[in-house]
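A quick write-up on the structure given underneath.
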Amino acid sequence: MSKRKNILDAAAAIINRESIHGITIAKVATEANIGKSTVYEYFENKEQLIQQTVQYVGEVYMDTIKKTLLESHRDFESTMKTLIKLVMKGIRKGNSHYLFMMSECKKPTGNKINAHVKVKSIVMGFRLKLLDILEAILTLGQEEGIVKKPHDKMFLIVWQNLLVTLAFEFSGVDEFVKTQHIAIDDDEKNVQTIYRYLIKMLQMDMQES
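The sequence shown finishes on residue 209 if you use the UniProt record's numbering, and the numbering steps up by one all the way, no holes.
Here it is as structure tokens:
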């Protein structure tokens with residue numbers, strides 16, 4: 001493993017545990033088991049490290065989705081269910097990359113406004129790529145005669161957010177759900193339930209259009 005990748009993996013691990021605001025050069029050096037000076041050999045400052053870590057995390061996430069979903073030649077239903085499982089898996093690992101992208105770009109990354117703008121720009125780019133992937137999946141569903149692809153971009157964004165929210169609630173990590181003593185079924189049933197809700201929302205859009 002290259003030293004640069006080792007540093008990025010360490011920074012990503014800290015983000016997973018503590019959010020983007022937990023990043024410091026000292027913490028990353030400790031996580032990567034290297035000296036602080038080594039970090040500075042690859043990154044000029046904390047802001048640059050944060051930006052490149054966000055870029056790195058996003059690229060890894062997108063590659064995983066593309067290889068798992070779009071290159072496997074699955075049908076629409078199995079593709080959707082695999083996507084749901086991927087999101088649930090990420091949430092259970094203590095991090096949903098999508099939720100991270102949704103929330104972290106709204107917060108300042110330090111005193112430098114320019115750094116925040118760059119991170120936000122990177123995040124927005126990945127959100128657009130995620131939408132493109134969802135559109136490709138929905139095109140598959142339309143070709144199979146299961147759903148009709150939404151023409152309204154806002155509807156697609158809301159549908160995307162619903163997917164993530166449902167995956168979060170059915171993953172068993174929401175403390176509020178636990179306090180309400182709500183029983184969570186096994187994963188196969190949960191995935192089927194989430195899939196059914198998502199299809200119903202698409203069918204509602206079809207009826208209104």
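The C-beta atom is built at its ideal place from N, Cα and C for all residues, glycine as well.
Predicted, not measured: the structure shown is a model, and the values here were computed from it.
- Task: Under 6 angstroms Cβ to Cβ from Y56, same chain only, skipping five residues before and after it: list those, please.
- Result: L8
* Asked: Contact between the segment 118-134 and the segment 156-175: three or more CB pairs below 8 angstroms?
  -> yes
Can you tell me which of the three DSSP states H73 falls into?
-> coil
**Prompt:** Exposed or buried, P108, counting other C-beta atoms within 10 Å across all chains shown (16 or more means buried)?
**Reply:** Summary for P108: the model assigns pLDDT 48, below 50, so the residue's position carries little reliability, and this model does not support an answer.
Next item on the list: To the nearest angstrom, report how far apart N33 and I65 are at their CA atoms.
Entry: 30 angstroms
Hey, does G22 have any beta-carbon neighbour from chain C nearer than 8 angstroms? This model lacks chain C altogether; it includes just one protein chain.
### Message
Applying the 10 Å Cβ sphere with the 16-neighbour rule, what's the burial state of F176?
### Response
exposed
Should L128 be counted as a contact of the ligand ADP given a C-beta to heavy atom distance under 7 angstroms? What this structure holds is no ligand at all, so the ligand ADP is not there to describe.
Limits of the unbroken alpha helix (DSSP H) element including T53
K46 to I65
Q: For the segment 44-56 and the segment 75-92, state whether three or more C-beta atom pairs, one from each stretch, are separated by less than 8 angstroms.
A: no
query: Where R4 and I122 are concerned, what is the direct C-alpha to C-alpha distance, given to the nearest angstrom?
result: 19 angstroms
Check your understanding: The alpha helix (DSSP H) with I157 in it runs from where to where?
Key -> K153 to F170
Would a C-beta distance cut-off of 8 angstroms place F170 and T139 closer than the cut-off? no
message = Here's the rule I'm using: 16 or more other beta-carbon atoms within 10 Å means buried, otherwise exposed. How should V22 be labelled?
response = Residue identity check: residue 22 is Gly in the sequence provided, not Val. Exposed, since its Cβ has fewer than 16 Cβ neighbours within 10 Å.
Apart from the five residues on each side of it in sequence, which residues of its chain come closer than 8 angstroms, Cβ to Cβ, to S2?
none
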